[in-house]
Structure formats: structure tokens, C-alpha cells
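A.B. asks:
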Amino acid sequence: MNKTCCKIPRSQWIRALKRVHVDEIKAVIDSVINEYDVSYKSIPQSGLGVLQTKDTALHEPYFLGEFPIAISWVALTDKQGNTFEGAAQLMDDDENLASLFAVCDAILANDLVACCKLADLIEMGDFKFEQEALTRKAMLGSTAVDFSLLGATNEENKEDTSA
Amino acid sequence: MGYVAIKGGGQAIAGAEKLLEFVRTRQGESAEPLDLDTIENQLYFLHSRIMSEGGLFHPKLASLAIKQSLGDTLEAAFALRAYRSTKPRLIETPVMNSSSMRVIRRISASFKDIPGGQMLGASTDYALRLMRTELLDESPESFKAVAAKWLDENRHDDIPDTFPKVLDALREEGLLPPVDEAAAEKIPFDITREPLVFPVPRSAALSTMARSETGSILAIAYSNMRGYGDIHPTVAELRVGYLPVMLPHAITGELIEVGEVLMTECEVVAMYEDEEDGGKPTFSLGYGACFGHNEVKAISMSILDRALQSGMKNGPTNPSEDPEFVLLHIDGIDSMGFCTHYKMPHYVTFQSDMDRLRTTQDKHDDKNQGADNV
């Protein structure tokens, strides 16, 4: 990857962008898109992906099911003729959204104009993801079973021996 | 079986469609239409069930399917399955490893002290099954206050992002069969592209069971539990969580997180078997997984996986070990379709049945008259 002003790794950009209101992303892109000629390296598409996973008992791969996927691959050419590519795949039905994210990917990966504004949005989305992660951890932490308490009382001793 | 084209029913059919829409909306001005987020969150388990039985992880459309089908699970799963059949297949993920799951529930019936600890998560396991009458007139204010209070009171930053698998610990102790590296390289069977022609590989069975109808797979697994089989499972680990879905970036090839799916996964340890080659005896294993949060389905699937492995290896000794019996009778769309087709006009076949019955009755009468005359 080329230099980028974004601290969040590229592997997490889509995850973060999906948690930002799309109008905020569009506003940033609209402010700079006239600087570039946008072309598609491949036709944006929406359809299905199939999720391949392995059973964790015998480690045999199988298909768990399908999910929506939108994909886009764009090239931005500036007025000096320099070309910068970006691509996006996301679990969504909307290929236009995938194209928007692909433009973001090109800007972020190549540190183009508005990179820092997008990087701020990425950080905002990443923060939201972290908040979700904290909620999930709270689900676990608040229901963690403390078996060390077994044996602390007669009643629980009985539970222990009858289990 | 014969069918006949029906004329004259067009208006009635259009009327029936409009009437169904009236039934959906008849609360009128006293009600708000169901919004999709409400369905996803407040009908959480129903929503999960539709995604897994529809075979498509699409939370928004699963909600819509529930809404338009007025909560009929089979119709909702059918709508989701029909939708997926109209979309092109664009991509196949690399083999995802569920050990990277962002867990929200994790329990074991095998050991108290599993690596990483047991966390009950959100569960109905300990519910008293008494009617919660306080919900009869729940106000929007009290509804909102519950979630806000829970979030305020629960902060646990010291929980790891992922957890080790209980089976890995058992395997390290030599209690489980070693991983078959050749099996890990197999190309999985795609049930959306190929029909089930028996015998089918285990991957076809896993995929078929993953999108099976919950009640159907439970019923067949229950037959095994009750005695038409001898799996005697112990749940090594049951986990629910969000599996990140990774795809290679089109330009760099680096794996990118494109989303996540909520899934339930269960591994059961079953009776040990003597190795045919004289190797060390080890426990046998069963595996179940599905989209969404559906523990009954994942446990049932893991029991049937073990039963089917036994049937595939030694020949079935009961229905739950017979791949053809199990896999062809657990799909809700298939079975519902066959069942409901009996409502459709069978005028020609029934006319034929009546003709044959009358002829047989005439012969019967003739025979009896003949006997009377003797």
C-alpha cells in the first residue's frame, strides 16, 4: 500500500465506513470528485457470496450459507494524468455504495485530497465498532460463570456433587 | 397426479391477496406498521430462524420476509430463499475459521473450567416460563430505560476478543481423533448448485442441515435422543457470536473484513470408538452450525451429523442415521411446498379416484347380488 494519512489498517476500512452515515461520506467525496475522472476497472455488481467455513470438529470445509455482496473497482485519474485505483467489497445489495467506498479506498490508499477527512470518518466508524465490541464484551462479562464459588456454601456443594 | 387449469378464479385470487393485506393492516389507526429494525431486535430469535432457514444472511430482508408473511416462518423463509435464487453468485469466501468469532455466549456441558471460561450471554435457559404480565402494558419510556440501565451498569473491558475452542484442548490430550488433513483440503459440495444424489459427502449434509427447518431437524434428532439411535452426546462447546467475513482485496489481495454474520455453533463429543486399524480409541464428534442465534437447531444438527457419519460408515440402523431419510425431510421449503400443494385443485385426479371407487363399488354390489342369488 502507498502512504496514507489513515491510522486504521486498510483491512478495516470497509468495516468502519459501514458504521458512518453515508451522507457524511458522500459530502466528502462530492467535495473532491470533480478533481478526478472516475472510471470503472470492472462493472460494479451486486449479488451473493457464499460463506465457506470449516467444521471445528473434524476441520472439513463446507458452505454455511450465502450473504449479499456488492463489489466495485474504480480508477481515479487526476488532471496530470496520474491514475489511482481503489476497490471495495461489502455485505450489501447496493453496488453504488460499493463504488462510493471504492473511491474512498482509492483516496485513502493513495493519500489524495480529502484523505484526512475520510480518515476522520474511518476513525469515527472504528470508534462505533469498538463501542459495539464493548457491548458484546459486557454481555459476556456480566454473565461469566465463576465456578470458584462452588464449594463456598453447603447448598452449592450439593449442586457440585450432583452435577 | 394430474392438474387442470382453472378459469374463473382470478377475481377471487386477487380478492384473497387484498384481504390478506387487510388482515395485516386491520389494526388501522390505532397501530404503527412494524418497522424492520423492530422485527430484527424484538423478534430476535424468529429473525435468526428465518435467516438460517432461508439460507441467506440478510438481516433487512429477513425482517421484510417476516413482515410480509405475517410471521409465518415457512413462508418467510420461502420468500428469502426465492429472493436469493434471483441473484447471481459473485464470490466464494476463503475458508473462514470460527475461532475468530466475536463471541456473545459460550458454554460447555463437558467441563466447568473450559479455557477462557463459560459465559452465559443472553439466554432463556434459566427462565421460569411464567407469563411476564408486566409487559402487557409496557410503556415506551420503561422499554427504553431497560436497555439504557443495562448499558450503564455493565462495563467489562477485560474480556478477550476471541476464545479458544474446547475441542482443541481435548485434542491436545489425545482424547479426540487427530485432524484429517486430507479432509481439510476437500472441495465442499454446493447444495445451491447441485442436487442431492446419494451418497453425498458430509459437506453436503452439513450445508443441508444448516438451512433446515428447525422443528424438522429437531424432530429427527429427538428420535435419536429418545432411543432410535445411540449418540449420547455431551456438548463440548456451544457458542453464539459474530463471525467476521473476509474477502481478498481486488487490488492488493489482502484479506478485508466485508461484514460479519451472527451464527450459532455446537460441537458434541459422542461415544468413543475402537479404531479399525488398531489405533488408540478416541471420542467421536458431531458438529452443528447455522446463521443467527438458534441453539436447538445447532445442537440437533450436531447430533445428526454424528448419527449420519455413523450411518455413512457402517450403514444406517435407524432413520436418523440414514442420509437420504434425514436430508430429504428437513428442508422447510420443500416439505411445506409439498404439504400445501394438497390445497391446490386436484379436480382431475379426484374425479378419477371417484370413478374408480364407483366402479369398484358397482363390482362389489354385483358380487354381493350374485352371492345372494346363489
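If you read the sequences in order, they're chains Y and V.
With numbering that gives the first Met the number 0 applied, the first sequence covers 0 to 162.
With numbering that gives the first Met the number 0 applied, the second sequence covers 0 to 373.
Heads up, the beta-carbon is just placed ideally off N, CA and C, and yes, glycines get one too.
These numbers come from a predicted model, not from an experiment.
#1: Here's the rule: buried if 16 or more other CB atoms are within 10 angstroms of the residue's CB, otherwise exposed. What is cysteine 5(Y)?
#2: Would you mind sorting aspartate 361(V) into buried or exposed? The rule is 16 or more other CB atoms within 10 Å of its CB.
#3: Taking DSSP's pairing of strands, which residues face cysteine 289(V) in a bridge?
#4: In three-state DSSP terms, what is serine 45(Y)?
#5: For proline 243(V), write down the residues that DSSP places opposite it in a beta bridge.
#6: Excluding the five sequence neighbours on either side, which residues of its own chain have a C-beta within less than 8 Å of the C-beta of glutamine 308(V), listed in chain order?
#7: Give a yes or no on whether the minimum CB-CB distance between proline 280(V) and chain Y is below 8 Å.
#8: Near proline 159(V), what residues of its chain come up, given a Cβ to Cβ distance below 8 Å and the 5 sequence neighbours on each side ignored?
#9: Have a look at leucine 169(V) and threonine 134(Y) and give me their C-alpha separation to the nearest angstrom.
#10: Please give the ranges of any beta strand (DSSP E) in the region 14-95 of chain V, keeping only runs that are unbroken, at least 3 residues long and fully inside the region.
#11: Compute the distance between the beta-carbons of leucine 246(V) and valine 257(V), then report whether it is under 8 Å.
#12: Within the same chain, show all residues whose beta-carbon is closer than 8 Å to that of threonine 160(Y), passing over the 5 residues directly before and after it, in chain order.
#13: Between which two residues does the alpha helix (DSSP H) harbouring tyrosine 346(V) extend?
#14: Closest to aspartate 54(Y) by C-alpha separation, out of Thr191(V), Ala183(V), Glu172(V), would be which residue?
#15: In this structure, how does DSSP classify serine 141(Y) when only helix, strand and coil are distinguished?
#16: Exposed or buried, isoleucine 103(V), counting other C-beta atoms within 10 Å across all chains shown (16 or more means buried)?
#17: For leucine 434(V), which residues from the same chain have a beta carbon less than 6 Å from its beta carbon, with the 5 sequence-adjacent residues on both sides left out?
#18: In the region 78-110 of chain Y, which residues sit with their C-beta less than 7 Å from some C-beta in chain V, listed in chain order?
#19: Just to check my reading of the structure: valine 267(V) and isoleucine 219(V) have Cβ atoms closer than 8 Å, yes? What is that Cβ distance to the nearest angstrom?
#20: Proline 8(Y) by DSSP, collapsed to three states: which one?
#21: Identify every residue that forms a DSSP beta bridge with lysine 2(Y).
#22: Is it a yes or a no for the region 69-85 of chain V touching the region 48-58 of chain V, going by three-plus beta-carbon pairs under 8 Å?
#23: In angstroms, rounded to a whole number, what distance separates the CA positions of aspartate 36(Y) and leucine 89(Y)?
#24: DSSP state of leucine 174(V), grouped into three classes?
#25: So, is the C-beta of aspartate 22(Y) closer than 8 Å to a C-beta in chain V?
#26: Would a check of beta-carbon distances place arginine 9(Y) closer than 8 Å to chain V?
#27: When burial is assigned at 16 or more other CB atoms within 10 Å of the CB, is alanine 101(Y) buried or exposed?
#28: What residue range is occupied by the uninterrupted alpha helix (DSSP H) comprising glycine 310(V)?
#29: Figure out for me which residue from Pro93(V), Thr251(V), Ile106(V), Phe197(V) has the closest Cα to the Cα of aspartate 104(Y).
C.D. replies: Taking the geometry as given:
#1: Buried is the call here.
#2: Classification for aspartate 361(V): exposed.
#3: Assignment of beta-bridge partners to cysteine 289(V) by DSSP yields Thr263(V).
#4: Shown here, serine 45(Y) sits in a strand according to DSSP, grouped into three states.
#5: In DSSP, proline 243(V) forms a bridge with Glu259(V).
#6: Non-local C-beta neighbours of glutamine 308(V) in its own chain, meaning closer than 8 Å and more than five positions away in sequence, comprise Arg201, Ser283, Gly285, ordered along the chain.
#7: Interface with chain Y (8 Å Cβ-Cβ cutoff): proline 280(V) is excluded.
#8: The residues Gly115, in chain order, have a CB closer than 8 Å to that of proline 159(V) in the same chain once the five nearest residues on each side in sequence are set aside.
#9: The alpha-carbon of leucine 169(V) is positioned some 31 Å away from that of threonine 134(Y).
#10: Restricted to the region 14-95 of chain V, the beta strand (DSSP E) segments that are unbroken, complete and at least 3 residues in length are 88-91, listed in chain order.
#11: Cβ distance < 8 Å, so leucine 246(V) and valine 257(V) count as in contact.
#12: Because the pLDDT of threonine 160(Y) is 47, which lies under 50, any placement of that residue in the model is unreliable, and the question is left without a value.
#13: Here the alpha helix (DSSP H) through tyrosine 346(V) covers 346-372.
#14: Taking only the C-alpha atoms, the option nearest aspartate 54(Y) is Ala183(V).
#15: It is coil, neither helix nor strand.
#16: With 16 or more Cβ atoms within 10 Å of its Cβ, isoleucine 103(V) is classed as buried.
#17: Residue 434(V) cannot be examined here, being either before or after the span of chain V that is shown, 0 to 373.
#18: Here the close residues are Glu84, Ala86, Gln88, Leu89, Met90.
#19: Not a contact, Cβ separation roughly 15 Å.
#20: Proline 8(Y): coil per DSSP, three-state reduction.
#21: As far as DSSP is concerned, lysine 2(Y) takes part in no beta bridge.
#22: Contact between the region 69-85 of chain V and the region 48-58 of chain V is present: three or more C-beta pairs spanning the two stretches fall below 8 Å.
#23: A direct Cα-Cα distance of roughly 24 Å separates aspartate 36(Y) from leucine 89(Y).
#24: Here leucine 174(V) sits in coil by DSSP.
#25: So, not an interface residue.
#26: Chain V contact via Cβ: present.
#27: Alanine 101(Y) should be labelled buried.
#28: Glycine 310(V): member of the alpha helix (DSSP H) spanning 294-313, first to last residue.
#29: Ranking the options by Cα distance to aspartate 104(Y), first place goes to Thr251(V).
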